[in-house]
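Working notes, structure below.
Protein chains in written order, with my numbering: chain H, 209 to 738; chain E, 838 to 912.
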């Protein structure tokens, strides 16, 4: 059930009406039932994956809680006889047991993810290796269908169990509430990857009807639909035309494809998240923001702080820091300081952890060498720009460009083009083609195609270009207004007639300019496939 | 506290660590700085800061970080 389908809109309407008709204390139960109904639309058998993750996480969280309670009781009972060392030893013993339970949970759940997402990729690589060494044996691919949204809800749930182990999240004793946290339907298939401590604050609350919340949520949903249907899906045919025929479309076409894809991806993903957050808001539930105007970033590090924020912080908190500061890494750091020098010794843990994190980030996006290369390249560029930071600093001071508007614009454009270039790996069928197409930007000097009408033969018309251009200008205008705070708050401060006019115009724009209707298949959100 | 200030100043010589209380919120310290800082704290104070303690409240100021080190040392 796509967010942009009529059946989803009907489903949402029914859930919304029921939600505010039933007693407040049962509202979270309705959301749970609705979430399972929503997920079952993709196949009832998929529910066992949700149930498997929920039940395994529940059992392990209760075991961790049981061990914590045993520890508390033991220390309270033996307060008089336990000295500091004995207490520390006992705590370490309990922590070890909790660690084992955590490992069971992580292996079980990430194991499921690995089997369904990466088995055929592994088989493909093994077959290639056999062929390289002259073998003839080839393994058959398995008939595995990746459960929808598994990368999102799995990461969210594993984040919860790690927090429980660390003692930073309270154990959810009600399995129904935990099931809702795992499966909450708006964010089930494309995130954001919420934290239990943040989402649980409003997810289970008995919310009363709040007209301003519903009105704001409705506006946010409309804005998401506008981005998805009027911008992303309208430019999609041009992106597909360019990337599906790399032999034909090179040089200037690749540049156009990069920019079109950047627009499509932004409108698609942020539009989807707007719908998710808007749906949460009409139910009174606060869902974490996932973007902070990322295309205004001045460097790649800043970009990743502002794009897909919840994924970035997940990797930072649960992978980057634990790897960087673990015992073996600290030992390695000490050793390399003594043997390789102070500077390299300090940086080595950061280098290794960054590359590991970006390798995994690439793998998270998809089981292909394209994504792995994309991830590792991101890591390498982040490290290089970190190393060049003193040089940039010197340059900014020497030439007095730091606070110049034109220089900020240059930095933004540079970052935009850099990220768009990396995304070629997301577009083309293999790594070789992606690099080759990047090369044609400089070797195939056919930039006259921007002026001779060739751009009108990419599957979209002049009208489509005009609609997308106006849409992008509106996005830019809204982004600039966001610097002064919430745009919806700014509109709300205007007379009521203007409020209704803005919503009416947005609705009309979606109805008249949106890419949908009979014979037009609204495309799946890009991030649904992860 | 002197030792800690010395470590911090080695990371960013131009920051007033004695008074700044928004080291994380103002993005003065990034994740790379934090990893370096934790390794330095480990070698100077012999205190291992675990991943769950890496939260803005513990790293926003030198004072907060020093309190964390003292607390972990006592535990």
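The C-beta atom is built at its ideal place from N, Cα and C for all residues, glycine as well.
Quiz item: Does the beta carbon of residue 530 (chain H) come closer than 7 Å to any beta carbon on chain E?
Solution: yes
Exercise. Might you give, ordered along the chain, the residues of its own chain that have their beta carbon closer than 6 Å to the beta carbon of residue 232 (chain H), omitting 5 neighbours on each side?
Key: 414
Quiz item: In whole angstroms, what is the alpha-carbon distance linking residue 874 (chain E) and residue 510 (chain H)?
Solution: 21 Å
Quiz prompt | Residues near residue 346 (chain H) by beta carbon distance below 6 Å, same chain, minus five either side | solution = 335
Quiz item: Do you know how far the Cα of residue 686 (chain H) is from the Cα of residue 695 (chain H)?
Solution: 7 Å
Quiz prompt | 8 Å Cβ shell around residue 223 (chain H) - same chain, five flanking residues per side excluded | solution = 238, 239 and 242
Practice problem: Would you tell me roughly how many angstroms separate the C-alpha atoms of residue 467 (chain H) and residue 473 (chain H), rounded to the nearest one? | Solution: 10 Å
Exercise. Look up residue 692 (chain H) in the DSSP assignment and say whether it is helix, strand or coil.
Key: coil
Self-check item: Three-state secondary structure assigned by DSSP to residue 216 (chain H)
Solution: helix
Quiz prompt | 8 Å contact criterion, which residue 489 (chain H) and residue 425 (chain H) should meet: CB distance rounded | solution = 3 Å
Quiz item: So, does the CB of residue 868 (chain E) fall closer than 7 Å to a CB anywhere in chain H?
Solution: yes
Practice problem: Using a Cβ cut-off of 7 Å (strictly closer), state whether residue 891 (chain E) contacts chain H. | Solution: yes
Quiz item: Helix, strand or coil: which one does DSSP assign to residue 618 (chain H)?
Solution: helix
Quiz item: Where does the unbroken alpha helix (DSSP H) through residue 707 (chain H) begin, and where does it stop?
Solution: 704-721
Self-check item: 7 Å Cβ cutoff, residue 742 (chain H) in contact with chain E
Solution: Residue 742 (chain H) lies beyond the stretch modelled for chain H, which goes from 209 to 738, so this question has no answer here.
Quiz item: Quick one: any contact between the segment 302-309 of chain H and the segment 271-284 of chain H, if contact means 3 or more CB pairs under 8 Å?
Solution: yes
Quiz item: Cβ of residue 533 (chain H) less than 7 Å from any chain E Cβ?
Solution: yes
Quiz prompt | the segment 702-710 of chain H touching the segment 452-464 of chain H, judged by at least three CB pairs closer than 8 Å | solution = no
Self-check item: Alpha-carbon to alpha-carbon, residue 596 (chain H) and residue 329 (chain H)
Solution: 36 Å
Quiz prompt | residue 888 (chain E) versus H:607, H:398, H:403 and H:525, residue with shortest Cα-Cα distance | solution = H:525
Quiz item: With 7 Å set as the bound, which would you pick, yes or no: does the beta-carbon of residue 402 (chain H) sit closer than that to a beta-carbon of chain E?
Solution: no
Practice problem: Return the Cβ separation of residue 439 (chain H) and residue 667 (chain H) in integer angstroms, given the expectation that the two are a contact with Cβ distance under 8 Å. | Solution: Actually they are not in contact, since the Cβ atoms of residue 439 (chain H) and residue 667 (chain H) sit about 16 Å apart, beyond 8 Å.
Quiz item: When DSSP labels each residue in this structure, what does residue 334 (chain H) get in the three-state scheme?
Solution: helix
Quiz item: Is residue 230 (chain H) closer than 7 Å to residue 372 (chain H) when the C-beta atoms are compared?
Solution: no
Practice problem: Thinking residue 499 (chain H) and residue 517 (chain H) are a contact (beta carbons under 8 Å), I'd like their distance in whole angstroms, please. | Solution: 7 Å
Quiz item: Does any C-beta atom of chain E lie closer than 7 Å to the C-beta of residue 569 (chain H)?
Solution: no
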